[in-house]
Each structure stands twice: as C-alpha cells, then as structure tokens.
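Structure, as structure tokens:
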Amino acid sequence: MLKINNLHARIQDGAEILKGINLQINPGEVHAIMGPNGAGKSTLASVIAGKEEYEVTDGEILFEGKDIIEDAPEERAHEGIFLSFQYPVEIPGVTVTNFIKAAINENRKAKGLEAMPAKEMLALVKENSEKLNIKRDFLARSLNEGFSGGEKKRNEIFQMMMLNPKLAILDETDSGLDIDALRIVADGVNSFRSEGNAVLLITHYQRLLDYIQPDFVHVLADGKIIKTGDKSLALELEEKGYDWLLN
Ligand SMILES: Nc1ncnc2c1ncn2[C@@H]1O[C@H](COP(=O)(O)OP(=O)(O)OP(=O)(O)O)[C@@H](O)[C@H]1O
Ligand SMILES: [Mg+2]
C-alpha cells in the first residue's frame with residue numbers, strides 16, 4: 001500500500017530532517033514508530049501527508065504503486081491517506097457532524113460521486129458514534145471549540161472512522177494521553193483495522209501497544225529507521241531506553 005524508498009526531506013530551505021527512510025506498509029498491517037524526541041517522526045507523518053512546509057530532496061513515496069510526491073495534501077486525502085490533527089481548527093458555528101459530512105462529500109466529489117444520501121450519512125454517524133461512545137450533544141458542538149484533550153482525541157478518531165481511509169497515520173506524540181484517551185485511541189484503531197487498510201501509529205507509549213498489537217515496531221532516530229522488530233522491541237525499549245541503539 002505504502003512504499004517509501006530512500007526518502008530525504010528537509011524544512012523548506014532548512015536543515016535535512018529525514019535522511020534516507022525506507023518503509024513498506026502492506027494492507028492489514030499496523031506499524032508503530034517510536035524514537036527519541038526530535039528524531040523526525042512527526043516530520044515523516046507530515047511528509048507522507050504532503051504538508052507544504054517540507055521539501056522532499058530525494059527518494060520516493062509510492063501509495064498504491066503511484067508516486068505521490070507531487071500531489072497536494074487534499075489529493076492525498078482523497079486518495080485515502082488520513083493524518084490525525086490534519087483538521088485541528090476551531091470552527092465556531094460548524095458542528096462536529098457537519099464538518100465531517102463536508103469532508104466526506106469533498107472526498108466523494110473528488111471521485112466524481114454524488115453527495116452521500118442523508119439517510120446513509122445518518123446511519124454512518126450513528127454507527128461510528130456508538131462505537132466510540134460519543135453522545136449526541138457532542139456531535140452538535142462547534143468543532144474543537146473548548147474541547148478537552150480527550151474530546152479532541154475522540155473527535156479525531158471519529159473523523160478517521162467516518163472518512164474510512166486506506167492508510168491512517170496517528171501521531172500520538174505530543175498529546176499527553178491520559179488513560180481514557182489511550183483507550184479511545186486503542187478502541188478506535190482496533191475497530192478500524194481491517195484486511196483492507198493499514199495504520200501507522202507514532203507513539204512514545206509502550207502501553208498503547210499493549211492495547212493495539214502492532215505487526216512491526218520501528219525505531220526512528222536522527223532521520224533514519226535504525227531498527228525494526230515486532231512488539232517485543234517496544235518492551236525492550238521500555239526497559240532499556242534508546243541509548244543501546246544509538247552510538
Ligand atoms: N517546521 C519546522 N521548522 C523548524 N524545525 C523543524 C520543523 N519541523 C521539524 N523541525 C525539526 O526537525 C526535527 C524533527 O522534528 P519532529 O517533530 O519530526 O520530531 P519527532 O520525532 O516527532 O519528536 P517528538 O518525539 O518530540 O514529537 C526537530 O529538530 C525539529 O525541531
Ligand atoms: Mg512528534
């Protein structure tokens with residue numbers, strides 16, 4: 001589904017941050033990326049999603065066999081790549097539900113489809129909000145306005161489930177997840193994951209990986225993936241830290 005070859009990227013006119021990343025994600029897989037602060041994890045997520053503040057200087061990003069480096073972030077979203085915190089904006093007067101309806105219909109329009117019939121949309125909102133234990137009054141609130149950390153998280157996972165991307169990238173690094181938020185993310189990801197999609201989960205929390213069983217764990221340090229393993233690697237990191245991998 002996603003194949004990254006020798007990816008180098010930098011901040012526009014700035015220092016190189018990604019220094020030769022190779023990564024392959026197949027349908028049905030969950031990959032976790034861990035690594036020290038400042039390693040380039042969030043940058044990798046942003047570069048895959050196409051954020052314009054970064055410039056790819058070498059390598060390729062193939063999504064379903066097609067190089068997407070020239071595609072704008074919206075195009076990548078339409079192709080089925082979702083990045084959490086892609087929509088962190090506060091929009092007074094636009095409710096959680098209306099925002100996600102608009103995003104879904106945007107995606108459909110890009111594919112030449114009609115807007116989703118209201119009945120179908122309603123059923124989808126119902127199904128996913130029930131899965132995530134989201135109350136009706138939350139759906140009617142203005143997007144992100146005064147949301148607590150946990151509510152933001154819930155909304156983010158709700159957006160992911162509603163948009164139903166092929167590849168979901170979740171960057172849990174800076175979000176100060178408490179136990180509730182951890183559960184929200186874990187339950188959401190577990191109910192989302194299927195044979196047809198894939199998840200790239202960036203996290204510092206070994207605990208999160210107790211709830212979400214990853215197929216692969218990668219350690220990213222100084223712009224490179226320096227080690228790949230299975231879930232036991234996360235446990236080893238928890239115990240030993242990163243020092244033994246760095247020199
Ligand atoms: N837009 C930017 N402008 C300036 N420097 C940046 C920018 N984006 C990233 N960097 C720098 O690139 C390096 C990698 O940052 P990045 O956010 O990708 O790290 P990270 O692995 O996600 O760290 P953390 O675990 O703390 O979230 C850091 O030194 C950071 O300061
Ligand atoms: Mg980060």
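With full-length UniProt numbering, letter number 153 in the sequence shown gets 153, and the count goes up by one each step, no holes. Ideal placement from N, C-alpha and C gives every residue a C-beta, glycine not left out.
Residue i burial status per 10 Å Cβ neighbour count (16 or more: buried)
| i | result |
| --- | --- |
| Glu172 | buried |
| Ile61 | buried |
| Gln24 | exposed |
| Lys41 | buried |
| Ile48 | buried |
| Gln159 | buried |
| Ile68 | buried |
| Lys101 | buried |
| Ile212 | buried |
| Leu200 | buried |
Selected residue, minimal CA-CA separation from residue i, among the options
| i | options | result |
| --- | --- | --- |
| Gly65 | Asn26, Met162 and Gly35 | Asn26 |
| Ile157 | Ala181, Phe216, Asp137 and Lys166 | Ala181 |
| Leu124 | Thr97, Leu2 and Ala234 | Thr97 |
| Ala103 | Asn164, Tyr205 and Ser191 | Asn164 |
| Ile33 | Gly149, Asp71 and Leu220 | Leu220 |
| Lys224 | Ser84, Leu7 and Ala168 | Leu7 |
| Gly149 | Lys126, Ile179 and Glu16 | Ile179 |
| Leu18 | Gly28, Pro92 and Asn5 | Asn5 |
| Arg193 | Glu70, Pro92, Val30 and Ile11 | Val30 |
| His204 | Ile11, Gly38, Phe63 and Glu74 | Gly38 |
| Phe63 | Leu170, Lys3 and Gln206 | Lys3 |
| Leu122 | Glu238, Arg207 and Arg136 | Arg136 |
| Met162 | Leu233, Ser84, Pro214 and Thr228 | Ser84 |
Beta-carbon separation (whole angstroms), residue i vs residue j, contact threshold 8 Å
| i | j | result |
| --- | --- | --- |
| Leu143 | Phe99 | 5 Å |
| Arg154 | Leu132 | 6 Å |
| Ala110 | His78 | 4 Å |
| Ala168 | Thr95 | Not quite, the Cβ-Cβ distance comes to about 23 Å (not below 8 Å), so this is no contact. |
| Glu195 | Gly28 | 5 Å |
Which residues DSSP lists as bridging residue i, in chain order
| i | result |
| --- | --- |
| Gln24 | Lys3 |
| Thr95 | Ser142 |
| Ile11 | Tyr54 |
| Ala32 | Leu201 and Val217 |
Chain B contact for residue i (CB, 9 Å cutoff)
| i | result |
| --- | --- |
| Ile179 | Protein chain content of the structure displayed is limited to a single chain, and chain B is not contained in it. |
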